[in-house]
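What follows is a set of notes on a single structure, which appears directly below.
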Amino acid sequence: MTGSRTNISTGPAGRPWRFDLVLDGGASVSRQTQLSRAIVQEIQRGRLLPGSTLPGSRTLAAQLEVNRKVVVAAVDELVAQGWLEALPARGTRVALNLPTLAVADAEGRRSVETALDRRRAAGIAVNDGVPDARIAPVDELARAQRRALRALARTGLGYGDAAGDPVLREVLAGFVNHARGLSCSSEEIVLTRGSQGALSLFALAMLEPGDVVAVEHPGYAPAWRAFQLARADVVHVPVDADGLRTDELEAHARRLKGRLKAVYVTPHHQYPTTVAMSAERRMHLRRICESFRLYIVEDDYDYEYHFEGAPLLPLSATKDLSSRCIYIASLSKLIAPALRLGYIIADRSVVARLRAVRELLDRQGDVVLERAVAELIEDGEVQRHARRARQLYRERRDHLLQQLASRPPLRSAMVCDPPGGGLALWMRLRSLTSEELVRRAHARGLALTPGSAHVAAGSVPAFRFGFAAHTSEELSRICDVLEACLQPDSEKGARPGGPRGSEAKRAPDRGGPRGSEAKRAPDRGAPGGPRRKGRQTGGAPGGPRRKGQPRGGSGQP
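Residue numbering for the sequence shown follows my numbering, beginning at -8 and increasing consecutively.
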């Protein structure tokens, strides 16, 4: 469409103005917005003086060749903003006292650099284990959000409960009780902005300066920083093939004489090593927490993603210990990382303190999003998505394991114990440091996180290989780059900006799932951890590491 143009000549007394205006029907903004901006520009240029009367809406609509509703809507908007004044029985004029900010004329502009350009510049990034947002049920979520917004608008869209939307809390209570073996009510749940928000909220509400929290080592460093935000101290407890070294934890509890207040654990799939805490360690941990009155902060970040057998029940499922358990989980790993929605399940006395701090920090969460997610859980959409994603991620894990086992350079340079679930592998390096591998990979356009990111100090010959967010084709390309990094002449062959050699022969990725994966719908995943029992990939030497012998980082910083 070529647009509409008007040349308004000087009118009768009281309407002494004239300006040219083109409305483009093919523009990215509506004609109403275009008209509003044009009138504001005429006022700012001084061609429409304060007190000048505008033509009637029918006259202006006819001259612009647009529907009169477009003119009326534009004029009403400028009246509301203070640029125009509506005078009963006299028409509309330019306001005598003009606003100081050109709200109607303001435009939000984005960088000309697109997200695709940024991705191409960055190359490929191997994350620590996040779900593939490309297969998230975004259409279903968008429709649920629209319905939630309309429903909540009827009640005024005011402030709500600091603990989160009551509807989602009630739905979540039923969801976790059925799926995870818990026994909680909606009054024992606080919604947060992701699991990191939950960790920070716990720290600020329950810890005092000088308190001590025991954490796994290697472990999830963002959790350590959350506790330190509350001016608490952190003591590192080593991890081995059976999970947290509870004998070391008990020694710390005795030494600290009451200062130790909590222990932070990821017992289902330990972060970053992916090992599961053994039944013996779980029972010992419970006895320690009962004896020393410690809180167990259980971060169950990827419970839905298990591939072999039934998942282990959370520690919080033990009724005789429920008052000392702080159970943290996230829907971000279940749907997509950008959906910042987590929750804490705790005793009501703890919830009261969490609620009070949340009200000071954030007042409340995103009620519209929370209500929409509640609808998706009630309708079974989240559960169906989890089943489809679990099958897809298992196929991706198996493809990656096959690639690692079938390539001699990779098989001889790195080894992992295939986890029974989760979204990442813990790759232990045999001869190369993780920092050197990261450097070589970066030169080829591949981003990795070194094992040192998961320890308090020093280096770890390992890295976390998240597979869920990559298609099989993408995983093969990543293995191409890793294989090239291990070649004797890898330094000479490296060049920034992308892979070389065999990698260049592969078709470029188009940014989405391909093949059989495209028909399916849509999990977290951290340093020189233990070697687990069971089968290994990459031609690992014989049996598992002895109990009590951690790999990589030291037990204490």
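Note that beta-carbon positions come from the ideal geometry of N, C-alpha and C, so glycine has one too.
All values reported here derive from a predicted model rather than from experimental measurement.
- With fewer than 16 neighbouring CB atoms inside 10 Å of its own CB, Arg222 falls in the exposed class.
- Counting of Cβ neighbours within 10 angstroms places Gly147 among the exposed residues, the total staying below 16.
- Comparing C-alpha distances from Asp408 to each of Leu395, Ala135, Pro399 shows the shortest one belongs to Leu395.
- Annotation: the stretch 318 to 382 contains the following complete segments of the alpha helix (DSSP H) (minimum length 4 residues), in chain order: 339 to 352, 358 to 369.
- C-alpha of Ala434 to C-alpha of Ala205: approximately 38 angstroms in a straight line.
- In the structure shown, the three-state DSSP call for Tyr296 is coil.
- In the displayed model, Lys252 falls within a strand according to three-state DSSP.
- With contact defined as three or more Cβ pairs closer than 8 angstroms, the stretch 225 to 243 and the stretch 340 to 360 are not in contact.
- Judged by their CB atoms, Ala327 and Ala124 are nearer to each other than the 8 angstroms cut-off.
- The criterion of a C-beta distance shorter than 8 angstroms is satisfied by Ala253 and Tyr286.
- Residue environment analysis places Gln382 among the exposed positions, since fewer than 16 neighbouring C-beta atoms fall within 10 angstroms of its C-beta.
- By the Cβ test, the stretch 452 to 470 is in contact with the stretch 416 to 429, since at least three Cβ pairs between them sit closer than 8 angstroms.
- The continuous beta strand (DSSP E) containing Glu207 extends over residues 203 to 208.
- A straight line joining the alpha-carbon of Leu192 with that of Gln72 spans about 40 angstroms.
- In this structure Leu473 is buried. Its beta-carbon is surrounded by 16 or more other beta-carbon atoms within 10 angstroms.
- DSSP places Asp290 within a strand segment (E or B) once states are collapsed to three.
- Assignment of Asp152 by DSSP, reduced to helix, strand and coil, places it in the coil class.
- Looking only at Gln187, Pro209, Asp233, the smallest Cα-Cα distance to His227 is reached by Pro209.
- Secondary structure within the stretch 171 to 244: the beta strand (DSSP E) runs of 3 or more consecutive residues, fully enclosed, are 180 to 183, 203 to 208, 224 to 231 (chain order).
- The beta carbons of Gly188 and Gly333 sit about 6 angstroms from each other, so the pair counts as a contact at 8 angstroms.
- Between Glu295 and Ala164, the gap from beta carbon to beta carbon reaches 8 angstroms or more.
- Of Val181, Thr264, Tyr150, the smallest CA-CA separation from Asp231 is found for Thr264.
- Spanning the alpha carbons of Tyr384 and Phe458 requires a straight line of approximately 8 angstroms.
- In this structure, the straight-line span from the alpha carbon of Asp233 to that of Arg272 is close to 7 angstroms.
- DSSP places Glu161 within a helical segment (H, G or I) once states are collapsed to three.
- In the DSSP assignment, Val406 is bridged to Arg419.
- For Pro399, the three-state secondary structure derived from DSSP is helix.
- In the same chain as Arg59, and ignoring 5 residues on each side of it, the C-beta atoms closer than 8 angstroms to its own belong to Ser48, Arg49, Ala52, in chain order.
- The stretch 315 to 322 and the stretch 296 to 303 do not touch, with fewer than three beta-carbon pairs separated by less than 8 angstroms.
- Judged by DSSP secondary structure, Glu281 falls within the alpha helix (DSSP H) whose first and last residues are 270 to 283.
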